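Novice: Could you have a look at this structure, given as structure tokens, before my questions?
Protein chains: 2
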Amino acid sequence: MSEELVGNCLVAQSGGPTAVINASVAGVVAEALNNPCIEEVYGGINGVLGILKEELIDLAEESQQIIRGLRYTPASALGTCRFKLKRDLDYDRVLQVFEAHNIRYFFYCGGNDSQDTADKISKLAQSKGYELRVIGVPKTIDNDLVTTDHCPGYGSVVKYLCTVIRETALDHEAMGQHDLVSIVEVMGRNAGWIAAGATLAKGKDNPDDAPHLIYLPELPFSKEKFVDDVQAVLKKNKYCMVVVGEGLLDKDGNYVANSATSKDAFGHQQLGGVGDFLAGVLEQNLAVKARSSKLGTGQRAATHCSSQTDNDEAFMAGKAAVRAAVEGETDKMVILVRAEGENYVCETSLAPLSEIANGVKEIPEDWISEDGTSMTAKFIKYCQPLIQGEVQVPYENGVPAYVRLSKRRIRKVLDSHEFE
Amino acid sequence: MSEELVGNCLVAQSGGPTAVINASVAGVVAEALNNPCIEEVYGGINGVLGILKEELIDLAEESQQIIRGLRYTPASALGTCRFKLKRDLDYDRVLQVFEAHNIRYFFYCGGNDSQDTADKISKLAQSKGYELRVIGVPKTIDNDLVTTDHCPGYGSVVKYLCTVIRETALDHEAMGQHDLVSIVEVMGRNAGWIAAGATLAKGKDNPDDAPHLIYLPELPFSKEKFVDDVQAVLKKNKYCMVVVGEGLLDKDGNYVANSATSKDAFGHQQLGGVGDFLAGVLEQNLAVKARSSKLGTGQRAATHCSSQTDNDEAFMAGKAAVRAAVEGETDKMVILVRAEGENYVCETSLAPLSEIANGVKEIPEDWISEDGTSMTAKFIKYCQPLIQGEVQVPYENGVPAYVRLSKRRIRKVLDSHEFE
């Protein structure tokens, strides 16, 4: 154990929210309060954006009830951002804010872009001789961070998606007079982990259960094969349920449906509409009724149908981040490690931030069946443990009683910062 | 009490499924087994379509577990149809099937078209001197049946919708750097009851909570007013959440978004796409990012997030139908009656089928605010009790463990019937 570092800690959230990213913050707060070397527990509003603006809140002042409720509240209670630090003077500003508030521990919950930011802040602090411990907390429904077995947020989106698919399939089955193709468009920009997870909606003893066809961005999409695939399902089944990841690519690597041309601050294309596109392909080529649905933002916020395993691991990752920092680690991200053996056991470890930043974990080739539209037993063995257990959210007046932080602001001591 | 009528009963389901229509069938089965005058308890496969085909199953042979599971299984376990009986010989055929299997009690779970069918079957039996007791069981997420205070199925779709809206709103709130308009398209062909119910997603003390704007088919839609409404919300709020019923009409009574021209068997236009249409209007007229989501079929099948009150009432309606028939009633539908007084108490009564058939209950004018985009306290008082209580569905391996009937067929005794 290294020398004790006494000072304040700051936790912030970045990127798209999940059903469990607040559970990670709850884990950070719970563990920070256990460590006397951490004096104040601050939250940053809207990720690095709020840090640039010196918008910090006092998390230790939140009530016990609110911190408990936080664990079962979707979205990012501190606010989040997709802002990318580009200029040296922005990085310098972050450090000024840290110095001004004696921040010595920085916990950043986010995906690969966010861990990249955390890595750069950490390295800048080192180069300037400012003692700072930076630990990333993994977060992404996309499950595409490298080095970690899986990401907090993924199990919950899969659980909700499988629930909706199983329910929708029963409805289609009941209607089942005509050839119906039902397409569910799900999130997943670069990797098909979410779409792949939909396979868990199938019953163990019912190979003909929905979803019948899964299309992943990992495999180049062919219209002709798609039409053939659907026809083959409709020969056996009255309806066909298709799950498609939003980032589906053609053989040249272009997005199949490019309905929007806008890009986010990281230069990622904003997607949507591949479900409608596939429905159109079918209606042009087959005498079927094709419907598409798009769960939208709701799918990553569905705490009401989230995985207790995922929630527990998100909380555990938050606590592990604090413990690692207090023990002297820095410039690392907490990773989830699956213990050897038949039974699923998940532990935490650490990996260098630089390894995570901007890497993308793809689905192993042998986890996808040869038909290209279903998953192998290896994938199922990997994914099934992640969706186990049902989070019980509190309800009030018939709707989930989620909490909002009271957000008492820390007084600003610096001049304001000009940024783009 | 009239003379005892001894014979078999038949229950069938018709129209779009709901999260609780199987609870009504469970109620029919539970009560039928209590009455010795009902000898066999049959189910009809796919509504009248299965009756025409003489496709009947033995519900008394299903296991206790399955009947219990039925109560918490979405969609129509017996199968459903949108088939409309048009020809006299089809009606005659229904009666032949009833005679052949000594069906003396017929319970039909469905909306107004289905109750119209039940009414015609009942009247034909009377005219032919075949003793038959016909009782309708109300079912529709649309909540548009007349004479009943509300319809089983409605409370559950509202509860799920409010949950998704509250979760999505927290996500938008967290992202909230830019002007974002999020449009949720919900079901509701002729009446805006479902869209209206979304108002319950608002917190009691947070008038600025989502949804900010609700558009109902009851009020003619104006693009100009819509753009102004959204602008006004975005002056106060970082984001604007809009809920829109699929059947939105313009001032001339035409569907605002008429993406599909297909009609169902009852001549109803198949709708979809009004959310995307509204997003397009905004992107053309305002510098905002507009996203739409369409929950699709899943919204009426979301038993995992359904109302216990709704489920209890659906079960109660099924039981009440059997009791009424055994007591000699016929040609009626079970209706739900709200008892006088401050506390919500729901009882059952009966109304003539002919009154329900093809009527549409609209939202009273003074339940819609003058702004045309929100609901008054009267609506909230009406709707809030219907979404109370959380159904706990059983889970297995991380996904809801819904049941399928084993469907042992009753041997056919008639020749097959030719139909369109």
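Protein chains in written order, with my numbering: chain A, 787 to 1206; chain B, 787 to 1206.
Backbone N, C-alpha and C define an ideal beta-carbon position, used for all residues, glycine too.
The structure displayed is predicted, hence computed values, not measured ones.
1) Residues of chain B with CB under 7 angstroms from Val950(A), in chain order?
2) What three-state label does DSSP hand Thr866(B) in the structure shown?
3) Please confirm whether Thr866(A) and Gly922(A) have their CB atoms less than 9 angstroms apart.
4) Output, in sequence order along the chain, the residues in the stretch 1178–1190 of chain A whose CB is closer than 7 angstroms to any CB in chain B.
5) Taking the alpha carbon of Ser1160(B) as the reference point, which residue from Glu1004(B), Val1123(B) and Val1120(B) has its own alpha carbon closest?
6) Could you name each continuous beta strand (DSSP E) segment of 3 residues or more that falls completely within the stretch 942–1002 of chain A, going from the start of the chain to the end?
7) Starting from Met1102(B), follow the alpha helix (DSSP H) in both directions and report where the run begins and ends.
8) Kindly indicate the opening and closing residues of the beta strand (DSSP E) around Asp844(A).
9) If you measure between the beta carbons of Lys1118(A) and Leu1139(A), is that distance less than 9 angstroms?
10) Apart from the five residues just before and just after Val792(A), which ones in its own chain have a Cβ nearer than 6 angstroms to its Cβ?
11) Around the C-beta of Ser1093(A), are 16 or more other C-beta atoms found within 10 angstroms, so that it is buried, or is it exposed?
12) Just grab the DSSP bridge partners of Cys1194(B) for me.
13) So the candidates are Tyr940(A), Leu881(A) and Pro860(A); which of them puts its Cα closest to the Cα of Gly897(A)?
14) Can you pull the chain A neighbours of Cys1091(B), defined as C-beta to C-beta under 7 angstroms?
15) Just tell me which of Ser900(A), Gly833(A) and Arg854(A) has its CA closest to the CA of Val815(A).
16) Note down, in chain order, each residue of its chain lying with its Cβ closer than 6 angstroms to the Cβ of Lys1198(A), except the 5 sequence neighbours on either side.
17) For Gly1058(A), decide whether its Cβ has a neighbour in chain B, counting only Cβ atoms nearer than 9 angstroms.
18) Taking the alpha helix (DSSP H) that Gln901(B) falls in, what are its first and last residues?
19) Just curious, the beta strand (DSSP E) that Arg854(B) is in, first and last residue?
20) One question on the structure: do Val851(A) and Val1179(A) come within less than 9 angstroms of each other, judged by their Cβ atoms?
21) Between which two residues does the beta strand (DSSP E) carrying Ser1079(A) extend?
22) Determine the burial state of Glu1151(A): buried for a count of at least 16 other Cβ atoms within 10 Å of its Cβ, exposed for fewer.
23) Taking a contact to mean a Cβ-Cβ separation below 9 angstroms, would you say Phe893(A) touches Ala1111(A) in this structure?
24) Tell me the rounded alpha-carbon separation between Gln1055(A) and Arg1124(B).
25) Is it buried or exposed for Val1120(B), if we count other Cβ within 10 angstroms and need 16 for buried?
26) What residue range is occupied by the uninterrupted beta strand (DSSP E) comprising Arg1124(B)?
27) Note down, in chain order, each residue of its chain lying with its Cβ closer than 8 angstroms to the Cβ of Ala1065(A), except the 5 sequence neighbours on either side.
28) So Leu986(A) packs on Ile1173(A), CB below 8 angstroms; how close in whole Å?
29) Do you know whose CA, among Asp930(B), His1090(B), Gln1017(B) and Val1028(B), lies nearest Leu772(B)'s CA?
30) Please compile the residues from chain A whose C-beta is within a distance smaller than 7 angstroms of the C-beta of Arg1077(B).
31) Buried or exposed: which applies to Leu796(A), given that a residue is buried once 16 or more other Cβ atoms fall within 10 Å of its Cβ?
32) Taking just the CA atoms, how far does His1090(A) sit from Ala812(B)?
33) Excluding five sequence neighbours on each side, which residues of the same chain lie with their C-beta closer than 6 angstroms to the C-beta of Gln901(B)?
34) Would you report the Cα separation of Ala805(A) and Val950(B), rounded to the nearest angstrom?
35) Using the Cα positions of Glu1115(A) and Arg919(A), report the straight-line distance between them to the nearest angstrom.
36) My output table needs one value for Ile927(A): the three-state DSSP class, helix, strand or coil.
Specialist: In brief:
1) Locating residue 950(A) in the first sequence gives position 164, counting from the first residue. In chain order: Gly1084.
2) Here residue 866(B) refers to the residue found at position 80 of the second sequence. Coil, per DSSP.
3) What you label residue 866(A) is simply residue 80 of the first sequence in a count that begins at 1. What you label residue 922(A) is simply residue 136 of the first sequence in a count that begins at 1. No.
4) Tyr1181, Asn1183, Gly1184, Val1185, Pro1186 and Tyr1188
5) The count along the second sequence starts at 1 and reaches residue 1160(B) at position 374. With distances taken between Cα atoms, Ser1160(B) lies closest to Glu1004(B).
6) 966–972 and 999–1001
7) To locate residue 1102(B), count along the second sequence from 1; it is residue 316. Gln1094 to Val1112 is the span of the alpha helix (DSSP H), which, as asked, contains Met1102(B).
8) For the purposes of this step, residue 844(A) is taken as the residue at position 58 of the first sequence. Here the beta strand (DSSP E) through Asp844(A) covers Leu842 to Asp844.
9) As a working note, residue 1118(A) is residue 332 in the first sequence. As a working note, residue 1139(A) is residue 353 in the first sequence. Their beta carbons are under 9 angstroms apart, which means Lys1118(A) touches Leu1139(A) by this criterion.
10) Walking along the first sequence from the start, residue 792(A) turns up at place 6. Counting only Cβ-Cβ distances below 6 angstroms, and skipping sequence neighbours, we find Cys823.
11) Position 307 of the first sequence, counted from the start, is the residue given in the question as residue 1093(A). Ser1093(A) comes out buried.
12) Sequence index remark: in the second sequence, residue 1194(B) carries index 408 (1-based). According to the sequence as given, residue 1194(B) is Arg; it is not Cys. Bridge partners of Arg1194(B): none, in fact.
13) In the first sequence, residue 897(A) corresponds to position 111, counting from 1. Closest by alpha carbon: Tyr940(A).
14) Here residue 1091(B) refers to the residue found at position 305 of the second sequence. The answer, in chain order, is His1090 and Cys1091.
15) One-based indexing of the first sequence puts residue 815(A) at position 29. When only C-alpha atoms are compared, the closest one is Arg854(A).
16) Taking the first sequence and counting its residues from 1, one reaches residue 1198(A) at position 412. So the list reads Glu840, once near-sequence residues are dropped.
17) Your numbering for residue 1058(A) matches position 272 in the first sequence. Low confidence applies here, because Gly1058(A) scores a pLDDT of 48, under 50, leaving its location unreliable and the question unanswered by this model.
18) As a first step, residue 901(B) is located in the second sequence; it is residue number 115 there, counting from the start. Residues Asn898 to Lys914.
19) As a first step, residue 854(B) must be located in the second sequence, where it is residue number 68. Element bounds for Arg854(B): not the beta strand (DSSP E) but the alpha helix (DSSP H), Gln850 to Leu856.
20) Translated into the one-based positions of the first sequence, residue 851(A) becomes position 65. Translated into the one-based positions of the first sequence, residue 1179(A) becomes position 393. Sequence check: residue 851(A) is Gln here, not Val. The answer is no: Cβ separation not under 9 angstroms.
21) Position 293 of the first sequence, counting from 1, holds the residue named residue 1079(A). First-last of the beta strand (DSSP E) with Ser1079(A): Lys1075 to Lys1080.
22) What you label residue 1151(A) is simply residue 365 of the first sequence in a count that begins at 1. The residue in question, Glu1151(A), is exposed, as its Cβ has fewer than 16 Cβ neighbours within 10 Å.
23) Stepping through the first sequence from its first residue, residue 893(A) is reached at position 107. Stepping through the first sequence from its first residue, residue 1111(A) is reached at position 325. Cβ distance < 9 angstroms, so Phe893(A) and Ala1111(A) count as in contact.
24) Residue mapping note: residue 1055(A) aligns to position 269 of the first sequence, counting from 1. Residue mapping note: residue 1124(B) aligns to position 338 of the second sequence, counting from 1. In this prediction, Gln1055(A) scores a pLDDT of 49, lower than 50, which makes its location untrustworthy; no coordinate-derived value is stated.
25) By one-based count along the second sequence, residue 1120(B) stands at place 334. By the 10 Å Cβ count, Val1120(B) comes out buried.
26) In the second sequence, the residue the question calls residue 1124(B) occupies position 338. Run containing Arg1124(B): Lys1118 to Arg1124, per the beta strand (DSSP E) assignment.
27) Start at 1 with the first residue of the first sequence, and residue 1065(A) comes out as number 279. Counting only Cβ-Cβ distances below 8 angstroms, and skipping sequence neighbours, we find Val967, Ile969, Ala1076, Arg1077 and Ser1078.
28) Counting from one through the first sequence, the residue named residue 986(A) turns up at place 200. Counting from one through the first sequence, the residue named residue 1173(A) turns up at place 387. About 6 angstroms; that satisfies the 8 angstroms criterion.
29) Given a span of 787 to 1206 for chain B in the structure shown, any question on residue 772(B) remains unanswerable.
30) Residue 1077(B) sits at position 291 when you count from the first residue of the second sequence. Result: Gly1082.
31) One-based indexing of the first sequence puts residue 796(A) at position 10. By the neighbour-count rule (16 or more Cβ atoms within 10 Å), Leu796(A) is buried.
32) Mapped onto the second sequence, residue 812(B) falls at position 26. Mapped onto the first sequence, residue 1090(A) falls at position 304. In a straight line, the C-alpha of Ala812(B) is about 26 angstroms away from that of His1090(A).
33) As a working mapping, residue 901(B) is identified with position 115 in the second sequence. Cβ within range, chain order: Gly922, Met1119, Leu1139, Ile1142 and Ala1143.
34) Within the first sequence, residue 805(A) is the residue found at index 19, counting from 1. Within the second sequence, residue 950(B) is the residue found at index 164, counting from 1. Going by the C-alpha atoms only, they are around 12 angstroms apart.
35) Reading the first sequence from its first residue, position 329 is the one you call residue 1115(A). Reading the first sequence from its first residue, position 133 is the one you call residue 919(A). So the two alpha carbons sit approximately 7 angstroms from each other.
36) Along the first sequence, one-based indexing puts residue 927(A) at 141. Coil, per DSSP.
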